[in-house]
Amino acid sequence: MINDLLKNDIIQRSEYASPVVIVKKKNGNDRLCIDYRRLNKLIIRELFPLPSIEECLQKAARYKYFTTLDLNSGYYQIEIEPESRKYTSFVTTGGLYEFKRMPFGLKNAPLVFQRLMSKIQEKVTKDNMIHYMDDILICSNTYEEMFRKLTTVLEILKEAIVHRQGRRKEHVDALSRCPNESAKETDVTLRVDKVSITSDDWLLSMQLQDNNIKQIVEKIKNKDKQILKEFCIEKDRLFRIEKEKKLRVVPKALRHKMLEECHDKNGHLGFEETVNKMKTYIWFPRMRNFVKSYLKACAECAYNKRQGGKIEGQHHFDNIIPIPFKTVHMDHLGSFIKSTKRNEHILVIVDAFTKYTIIKAVKCSATRHVLETLREVTSYFGVPERIATDRGTNYE
Ligand SMILES: [Zn+2]
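Under our numbering, residue 500 is the last one in the sequence shown; the count climbs by one each step, no gaps.
Here it is as structure tokens:
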């Protein structure tokens, strides 16, 4: 992590020091957190209004489509005045370092960042974009409008950064004075996090960003014979030719979304049905494998114990005894993603008469977990007369 920061010119070696902790981010990555509490006591608080979350939500409520942008390492876009850098230093096992770019945890950092974003926003019509710290939300009512706005915002961001590159001599004094933000163009990578639309236009714009697709398009332009047999371009969109049918080539970033459309939104079709559905209008390499692993991971299918489209029947006794907990159905579901308690399976016990259901997370499908659970359950409800299961060995 330190090496990355050094390489990206965000920190340098130093002589002073604040203590350091590594904190796990929501996405599982590590974040370097420096305990600036003692330093922050010495920093004069700057004033700049942060928008209230409520205000943001109110604005957003009028719209239907949303795109969120996350400025990658937003704070690091802002340079720190060389004089002030020594105050930001921190200690690691590898030695002392100080920031050249604004770190998290510094008292005025959020305000400095918000101010930079507001400057960018001034150039966009206010309604186009809502920003809160390093999150940008673009709102619109139609997806045509969405693309127009997204393009505008991206252009303005790019321009703001290139512009600031031109005046790199001015620096931020992170400690007290009014900052002049400066950064290199290469520092900002925009990552589109969530997109709530799918459309032909969106497919196109994602195709344009996909490296593999770019390569194919390049080969078509160079009149590569083999590629021309397999692919064609129509209205800028790349199609796969298969048995005289033209199938849209789905870029990597959209494959998951496409499967959601074809599988989840069609009542969780089985494997062959899902593949067939897709084959009618889209294509991407190793589609069958992709579908296979997608279905394996589909929680809905797993919970309903569906495989290959068939729904397994429940066990039925012809004569249900009208007494609670006389006849129970017992079944294992799983395996699922391991929980923090290392449980991977679910044991489900359903009373045939009342349909009362007991669900218990267990580590594996071994008999001893079944017995443990049964012992616990029967201690409350008494011993059932009949137990129905669909598997043999775990219950014998
Ligand atoms: Zn499913």
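For every residue, glycine included, the Cβ atom is placed at its ideal position computed from N, Cα and C.
| Query | Result |
| --- | --- |
| Strictly by DSSP, which residues pair up with Gly199? | Thr196 |
| Is there at least one non-hydrogen atom of ligand 1 closer than 7 Å to the beta-carbon of Glu404? | yes |
| Which residues does DSSP list as the beta-bridge partners of Arg490? | Thr431 |
| Taking the continuous alpha helix (DSSP H) assigned at Ala403, which residues delimit it? | Ala403 to Tyr407 |
| Could you pull the DSSP bridge partners for Ile386 from this structure? | Arg352 |
| Measuring only the C-alpha atoms, how far is Lys459 from Lys396? | 33 Å |
| Among all the DSSP beta bridges, which residues are the ones paired with Tyr169? | Ser244 |
| At what residues does the beta strand (DSSP E) containing Asp134 begin and finish? | Asp134 to Ile138 |
| Closer than 7 Å by C-beta to Ser118: which residues in its own chain qualify, once you throw out the five before and the five after it? Chain order, please. | Lys190, Ser193, Leu200, Tyr201 and Glu202 |
| Three-state secondary structure (DSSP) at Asp455? | strand |
| How long is the line joining the alpha carbons of Glu348 and Ile324, rounded to whole angstroms? | 18 Å |
| Less than 7 Å between the CB of Asp113 and some heavy atom of ligand 1, yes or no? | no |
| Taking the alpha carbon of Pro186 as the point to measure from, which residue in Ile114, Thr196, Gly209 and Arg141 has its own alpha carbon closest? | Ile114 |
| In whole angstroms, what separates the C-alpha of Glu334 from that of Glu322? | 14 Å |
| Is any heavy atom in ligand 1 found nearer than 7 Å to the beta carbon of Asp368? | yes |
| What are the boundary residues of the alpha helix (DSSP H) that Lys400 is part of? | Met391 to Lys400 |
| Just confirm the distance between the C-beta atoms of Phe343 and Val354, as a whole number of angstroms; I'd bet it's less than 8 Å. | Not confirmed; about 11 Å, so no contact. |
| What residue from Ile453, Arg472, Ile463 and Lys467 has the CA that sits closest to Val487's CA? | Ile453 |
| If I'm right that Ala406 touches Leu363 with Cβ under 8 Å, what's the distance once you round it to whole angstroms? | Actually they do not touch by this definition, with Cβ atoms about 15 Å apart. |
| When burial is assigned at 16 or more other CB atoms within 10 Å of the CB, is Ser439 buried or exposed? | exposed |
| Measuring from the CB of His360, is there a heavy atom of ligand 1 at a distance below 7 Å? | no |
| What did DSSP end up calling Ile345 once you bin it into helix, strand or coil? | strand |
| For Arg142, which residues from the same chain have a beta carbon less than 8 Å from its beta carbon, with the 5 sequence-adjacent residues on both sides left out? | Ser122 |
| Buried or exposed: which applies to Arg268, given that a residue is buried once 16 or more other Cβ atoms fall within 10 Å of its Cβ? | Low local confidence applies: a pLDDT of 44 at Arg268 is under 50, so the model's placement there is unreliable, and no value is given. |
| Roughly how many angstroms separate the alpha carbons of Asn316 and Arg359, rounded to a whole number? | 14 Å |
| When DSSP labels each residue in this structure, what does Ala213 get in the three-state scheme? | helix |
| For Glu448 versus Lys467, is the C-beta spacing smaller than 8 Å? | yes |
| Give every residue of the same chain whose Cβ lies closer than 8 Å to the Cβ of Leu307, excluding the five residues on either side of it in the sequence, and list them in chain order. | Arg341, Arg352, Val354, Pro355 and Leu358 |
| Taking the beta carbon of Arg472 as the centre, do at least 16 other beta carbons fall within 10 Å, making it buried, or is it exposed? | exposed |
| Since Phe485 is in the alpha helix (DSSP H), which residue starts that stretch and which ends it? | Thr471 to Phe485 |
| Roughly how many angstroms separate the alpha carbons of Thr444 and Lys464, rounded to a whole number? | 15 Å |
| When you compare the CB positions of Ile182 and Phe208, do they come within less than 8 Å of one another, or not? | no |
| By Cβ distance, which residues of its chain are closer than 8 Å to Pro428, with the 5 residues on each side in sequence left out? | Asp455, Phe457, Thr458, Tyr460 and Phe485 |
| Name the DSSP bridge partner or partners of Glu338? | Arg341 |
| Output needed for Tyr180: all residues of its chain with C-beta closer than 6 Å, excluding positions within five of it in sequence on either side, in chain order. | Ile114 and Arg205 |
| Could you round the C-beta distance between Lys253 and Ile240 to whole angstroms and report it? I think they count as a contact, below 8 Å. | The pair is not a contact, with the Cβ atoms about 11 Å apart (cut-off 8 Å). |
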